[in-house]
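Participant: The working numbering puts the first residue of the sequence shown at 1, with every later residue one more than the last.
Glycine included, C-beta positions come from ideal geometry on N, C-alpha and C.
Here it is, the structure in full.
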Amino acid sequence: MSTTATTTSKITGHYIGGQTIQDSNNGFIEVFSPIDGSMIGKVPRGGADEIDQAVSKAQAAFLEWGTLPVKQRVQILFKFKQLLENDIDEISDLVSQENGKTHAESKAEVAKGIEVTEFATSLPQILQQETLEVSRGVYCEQKRFPLGVVAGITPFNFPAMVPLWMIPIALATGNTFILKPSEQVPLTANLLGEYLSQAGLPDGAFNVVHGGKEAVEAITDHPGIKAVGFVGSSRVAKIVYDRSTLQGKRALALGGAKNHLIVMPDADPEITASNVVASAYGCAGQRCMAASVLILVGESGHILERIINEGRKVQAGENMGPVISKHARERIESYIDDAQKAGGNILLDGRGAVVPGKETGTYVNPTIIDGLPPSDKSACDEIFGPVLTVLRAKTLDEALEIENASPYGNAAAIYTTNGGSARYFSDMASAGMIGVNIGVPVPREPFSFGGWNGSRFGYGDITGMDGVSFWTKSKKITTKWTASTAKNWMS
Ligand code: NAD
Numbered sequence: 001m002s003t004t005a006t007t008t009s010k011i012t013g014h015y016i017g018g019q020t021i022q023d024s025n026n027g028f029i030e031v032f033s034p035i036d037g038s039m040i041g042k043v044p045r046g047g048a049d050e051i052d053q054a055v056s057k058a059q060a061a062f063l064e065w066g067t068l069p070v071k072q073r074v075q076i077l078f079k080f081k082q083l084l085e086n087d088i089d090e091i092s093d094l095v096s097q098e099n100g101k102t103h104a105e106s107k108a109e110v111a112k113g114i115e116v117t118e119f120a121t122s123l124p125q126i127l128q129q130e131t132l133e134v135s136r137g138v139y140c141e142q143k144r145f146p147l148g149v150v151a152g153i154t155p156f157n158f159p160a161m162v163p164l165w166m167i168p169i170a171l172a173t174g175n176t177f178i179l180k181p182s183e184q185v186p187l188t189a190n191l192l193g194e195y196l197s198q199a200g201l202p203d204g205a206f207n208v209v210h211g212g213k214e215a216v217e218a219i220t221d222h223p224g225i226k227a228v229g230f231v232g233s234s235r236v237a238k239i240v241y242d243r244s245t246l247q248g249k250r251a252l253a254l255g256g257a258k259n260h261l262i263v264m265p266d267a268d269p270e271i272t273a274s275n276v277v278a279s280a281y282g283c284a285g286q287r288c289m290a291a292s293v294l295i296l297v298g299e300s301g302h303i304l305e306r307i308i309n310e311g312r313k314v315q316a317g318e319n320m321g322p323v324i325s326k327h328a329r330e331r332i333e334s335y336i337d338d339a340q341k342a343g344g345n346i347l348l349d350g351r352g353a354v355v356p357g358k359e360t361g362t363y364v365n366p367t368i369i370d371g372l373p374p375s376d377k378s379a380c381d382e383i384f385g386p387v388l389t390v391l392r393a394k395t396l397d398e399a400l401e402i403e404n405a406s407p408y409g410n411a412a413a414i415y416t417t418n419g420g421s422a423r424y425f426s427d428m429a430s431a432g433m434i435g436v437n438i439g440v441p442v443p444r445e446p447f448s449f450g451g452w453n454g455s456r457f458g459y460g461d462i463t464g465m466d467g468v469s470f471w472t473k474s475k476k477i478t479t480k481w482t483a484s485t486a487k488n489w490m491s
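Quick look at the structure:
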């Protein structure tokens with residue numbers, strides 16, 4: 001890992017109406033790089049006043065942006081996509097600085113954001129109006145309209161990708177947007193604003209307001225904001241969903257996860273081991289799609305040894321980044337402590353990781369917990385770190401019972417060489433995104449991203465056509481024109 005953090009006390013302001021606003025009535029939030037704990041910037045702590053200013057600017061911009069033909073709007077997104085592609089390394093550097101993930105991981109997340117942008121540029125092809133002659137001379141037409149000013153609230157683990165799940169589709173469909181990024185990784189958001197502005201987006205069509213709970217509550221409560229997209233933990237997702245819908249807003253809130261990977265006795269040991277390890281320890285386990293429970297079915301125990309060996313090849317500070325903060329590291333390590341106290345075998349122990357030269361960084365090495373029942377909290381709670389809990393089941397049905405009992409439902413995967421087992425698992429697992437021999441089954445666009453159960457509050461997915469539906473309202477126009485002649489087109 002070549003990334004190092006650059007210490008700076010530079011203020012990155014709110015971005016409202018095309019202006020950077022560095023003043024704050026509520027103080028500033030310091031931003032630390034988890035790579036070495038150094039302070040890499042500050043952002044003002046916004047609240048109701050800043051959200052109100054952003055709504056005014058976004059409302060003014062909507063008057064023009066919302067009425068442009070979609071073909072015209074996506075011209076800006078073509079340019080935006082090109083800028084992201086040209087500068088992918090610089091953007092990835094900033095993502096790595098504030099989040100800690102490796103450069104390759106940052107690049108992959110920016111690339112996924114580019115893919116969503118590409119989908120948004122295809123909307124003129126997708127949004128051709130549907131028209132039908134519903135009775136003689138009577139035509140019914142469905143047209144989609146933007147909602148107005150909408151907002152996105154995003155988590156720390158994907159500073160570029162998660163905002164880009166929302167921004168391109170919401171803008172292409174004619175909305176104007178307010179982003180409230182995670183206060184732990186707020187800097188990439190402003191960079192996205194700069195690229196949108198360079199691409200020619202009118203001032204006020206995209207805004208960034210920094211802050212925490214107060215800014216979020218100001219979004220949920222502001223009558224000028226018509227829809228809220230949220231991605232974060234299930235606890236906060238439910239709060240944001242409830243509060244937004246209570247105010248009559250449309251809301252979609254994606255939450256946390258506990259993803260199960262099922263290994264069948266016929267699985268390819270080599271492919272399975274490297275894939276499980278990549279899923280569990282990529283981005284230091286801080287992905288809502290990360291493997292966190294491994295269920296070995298029947299005689300598949302021999303694969304565990306390979307997984308442990310593969311896991312040893314992943315080293316914090318070398319090919320794995322830190323976890324986001326000291327608080328996160330303490331929380332993750334306390335789960336490992338408790339699993340040990342409960343009688344678990346810690347087959348790989350990632351506690352106490354220290355990276356030479358980066359002693360103040362917040363690292364945890366790959367961990368594997370074995371020997372505890374499915375009811376143990378290490379097998380049920382979202383730990384959100386590089387920790388894999390191993391369970392055993394006699395049959396695939398028993399494994400499915402464990403998976404189905406989880407209150408979450410983001411992703412689940414099976415490793416097998418049997419098509420029947422794969423099909424059965426895909427149908428019976430209680431999750432929105434299923435992998436067969438793929439441990440991070442993120443759907444590629446235009447297939448949409450979204451989980452089930454307690455991993456999502458609201459209806460639909462956040463990207464793809466569901467994203468288009470979420471950010472628009474449809475109007476049905478029925479028209480009758482009476483021809484002056486009795487002739488029809490056949491006479
Ligand atoms: P978080 O819920 O702590 O924060 C998310 C956002 O909510 C941030 O912008 C934060 O400022 C705001 N927030 C925090 N507490 C709040 C409160 N009490 N009231 C109002 N707003 C509040 O999540 P995080 O720790 O930043 O991100 C990690 C979580 O996000 C994990 O649970 C992960 O699974 C989840 N996640 C889910 C998906 C998905 O697609 N389902 C994708 C990425 C991350």
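Which of the three DSSP states, helix, strand or coil, is assigned to serine 2?
Facilitator: With a pLDDT of 42 at serine 2, under the threshold of 50, the predicted position of this residue should be treated as unreliable, and no value is reported.
Participant: Using only the heavy atoms of the ligand NAD, determine whether one of them is closer than 7 Å to the beta carbon of serine 33.
Facilitator: no
Participant: Taking buried to mean at least 16 other C-beta atoms within 10 Å of its own C-beta, is isoleucine 477 buried or exposed?
Facilitator: exposed
Participant: So is the beta-carbon of threonine 362 under 7 Å away from any non-hydrogen atom of the ligand NAD?
Facilitator: no
Participant: Is any heavy atom in the ligand NAD found nearer than 7 Å to the beta carbon of threonine 395?
Facilitator: no
Participant: Mind the definition here: the segment 187 to 197 touches the segment 211 to 227 only if three or more C-beta pairs lie below 8 Å; say whether that holds.
Facilitator: no
Participant: So, helix, strand or coil for tyrosine 139, using DSSP?
Facilitator: strand
Participant: Would a C-beta distance cut-off of 8 Å place valine 314 and alanine 291 closer than the cut-off?
Facilitator: no
Participant: Cutting at 8 Å between CB atoms, please list the residues of its own chain near serine 2, excluding the five before and the five after it.
Facilitator: Model confidence at serine 2 stands at a pLDDT of 42, short of 50, so the residue's coordinates are unreliable; what they give is reported in the following sentence. His103.
Participant: To the nearest angstrom, how far is it from the Cα of arginine 12 to the Cα of glycine 361?
Facilitator: For the sequence presented, residue 12 should be read as threonine rather than arginine. Computed Cα separation, rounded: 23 Å.
Participant: What is the rounded straight-line gap between the Cα of alanine 54 and the Cα of glycine 212?
Facilitator: 16 Å
Participant: With respect to the beta strand (DSSP E) encompassing glycine 414, which residues constitute its N-terminal and C-terminal limits?
Facilitator: Correcting the residue type first, residue 414 is isoleucine in the shown sequence and not glycine. DSSP places isoleucine 414 inside the beta strand (DSSP E), whose first and last residues are 411 to 415.
Participant: So, at 8 Å on beta carbons, what are the nonlocal neighbours of methionine 289 in its own chain, with the 5 sequence-adjacent residues on each side left out?
Facilitator: Ala257, Asn259, Ser279, Asn410, Ala411, Met433, Val440, Pro441 and Val442
Participant: Compare the C-alpha of isoleucine 126 against each of Val293, Val468, Gln59 and Thr389 and name the closest.
Facilitator: Nearest of Val293, Val468, Gln59 and Thr389 to isoleucine 126, Cα basis: Val468.
Participant: By Cβ distance, which residues of its chain are closer than 7 Å to serine 114, with the 5 residues on each side in sequence left out?
Facilitator: The question names serine, yet the displayed sequence has isoleucine at residue 114. Only Lys81, Leu84 and Glu85 meet the Cβ criterion.
Participant: Given this structure, state the Cα-to-Cα distance separating alanine 429 from asparagine 99, to the nearest angstrom.
Facilitator: In a straight line, the C-alpha of alanine 429 is about 32 Å away from that of asparagine 99.
Participant: Would tryptophan 165 and isoleucine 462 qualify as a contact pair, given that the criterion is a beta-carbon distance under 8 Å?
Facilitator: yes
Participant: Take the Cβ of arginine 136 as the centre, count every other Cβ of all protein chains shown within 10 Å, and call the residue buried at 16 or more, exposed below.
Facilitator: Label assigned to arginine 136: exposed.
Participant: Could you tell me if histidine 14 is buried or exposed, where buried requires 16 or more neighbouring beta carbons within 10 angstroms of its beta carbon?
Facilitator: buried
Participant: Report yes if the CB atom of isoleucine 91 is closer than 8 Å to the CB atom of threonine 188, and no otherwise.
Facilitator: yes
Participant: Whole angstroms are fine: how far does the CA of valine 209 sit from the CA of valine 70?
Facilitator: 26 Å
Participant: Of the choices Lys249, Ile324 and Leu396, whose alpha-carbon is the least far from that of glutamine 286?
Facilitator: Ile324
Participant: Do serine 233 and the ligand NAD come close, with the Cβ less than 7 Å from some heavy atom?
Facilitator: yes
Participant: Is the distance from the Cβ of valine 43 to the Cβ of leucine 123 below 8 Å?
Facilitator: no
Participant: Could you tell me if the beta carbon of glutamate 310 falls within a distance shorter than 7 Å of some heavy atom in the ligand NAD?
Facilitator: No; taking the cut-off as 7 Å, the Cβ of glutamate 310 has no heavy atom of the ligand NAD nearer than that.
Participant: To the nearest angstrom, report how far apart asparagine 453 and alanine 431 are at their CA atoms.
Facilitator: So the alpha carbons of these two residues sit roughly 8 Å apart.
Participant: Work out the CA separation of alanine 60 and glycine 17 for me, nearest whole Å.
Facilitator: 9 Å
Participant: Figure out for me which residue from Phe449, Ala342 and Leu296 has the closest Cα to the Cα of leucine 400.
Facilitator: Leu296
Participant: Is the beta carbon of alanine 257 within less than 7 Å of some heavy atom of the ligand NAD?
Facilitator: yes
Participant: Residues in the same chain with beta-carbon distance under 6 Å from serine 474, minus the five sequence neighbours each way, listed in chain order, please.
Facilitator: Gln142 and Arg144
Participant: Less than 8 Å between the C-beta atoms of serine 234 and glycine 255, yes or no?
Facilitator: yes
Participant: Would arginine 312 be called buried (16 or more neighbouring beta carbons within 10 Å of its own) or exposed?
Facilitator: exposed
Participant: Which of the three DSSP states, helix, strand or coil, is assigned to glutamine 82?
Facilitator: helix
Participant: Compute the minimum distance between the beta carbon of leucine 254 and the heavy atoms of the ligand NAD, and state whether it is under 7 Å.
Facilitator: yes
Participant: Below 7 Å, is the gap between the Cβ of serine 182 and the nearest heavy atom of the ligand NAD?
Facilitator: Indeed, a heavy atom of the ligand NAD lies less than 7 Å from the Cβ.
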